[in-house]
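Novice:
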Amino acid sequence: MTKLAMAAVAAGAMAGEPAEAAKMVKRDDAALSAMLVGTWVNPPDSADYEGIPSAEVFNADGTYSYIEYEDKECQRVSGAVHSKWYVWDGTIVNEVGEGKTLKDEIVNMAPKKMVLRSLEDSLTYHRVRSTAKTRACAGTPPQPK
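Take 330 as the starting number for the sequence shown in this note's numbering and just add one per residue.
Have a look at this one:
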């Protein structure tokens, strides 16, 4: 095979890689999105914990709620923010309104814990999935009225 023919074959093979890579990223984003759906809490050992009971709810329809509570039982809502979310290229993109987005890179995603890195300030922090044994905001939190 001539050098020109080998170069043409190599170029053709490399041309297919970006499309395949894009498909893999999309598949990973779909898997990450599916794992993200549910209620997550900010545990006391997370780098961004501020002592305020809170929950983050990622719904399958792409809606998101961040809810803060007045009490550790998470029965009295003190405030809530609602927005839209999606995963793109391994990053959670949260559209908070007026063209503003918050982005958190998914460093590690497991069924009960996720590690994120804020692309705004580079802080690495984590969340745990809400369960009956979670220390704060166990179960699905009540929605604000």
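By construction, the Cβ of each residue, glycine as well, lies at the ideal position given by its N, Cα and C atoms.
From a predicted model like this one, the values you see are computed outputs, not experimental measurements.
Along the chain, where does the beta strand (DSSP E) containing Lys-399 start, and where does it finish?
Specialist: The question names Lys, yet the displayed sequence has Glu at residue 399. Element bounds for Glu-399: n/a, residue is neither H nor E.
Novice: Strictly by DSSP, which residues pair up with Ala-409?
Specialist: Paired residue(s): Ile-396.
Novice: Just to confirm, is the Cβ distance from Glu-455 to Leu-448 under 8 Å?
Specialist: In the sequence on display, residue 455 carries His and not Glu. No. Outside cutoff.
Novice: Thinking C-beta only, is Gly-419 closer than 8 Å to Asp-357?
Specialist: Their beta carbons are under 8 Å apart, which means Asp-357 touches Gly-419 by this criterion.
Novice: Where does the unbroken beta strand (DSSP E) through Leu-448 begin, and where does it stop?
Specialist: Neither: Leu-448 is in no beta strand (DSSP E) and is coded neither H nor E.
Novice: How about Leu-452 and Asp-377: do their beta carbons lie closer than 8 Å?
Specialist: Yes. Within cutoff.
Novice: Among Glu-402, Glu-379, Val-386, which has the Cα closest to the Cα of Ala-363?
Specialist: Among Glu-402, Glu-379, Val-386, the Cα nearest to that of Ala-363 is on Val-386.
Novice: On the DSSP letters alone, give me the boundaries of the beta strand (DSSP E) that Ile-435 sits inside.
Specialist: Taken as a continuous stretch (DSSP letters only), the beta strand (DSSP E) holding Ile-435 covers 429-438.
Novice: Can you tell which of Ala-384, Glu-427, Ile-396 has its C-alpha closest to the C-alpha of Glu-372?
Specialist: Looking at the sequence provided, one finds Pro at residue 372 rather than Glu. The option with the nearest alpha carbon to Pro-372 is Ala-384.
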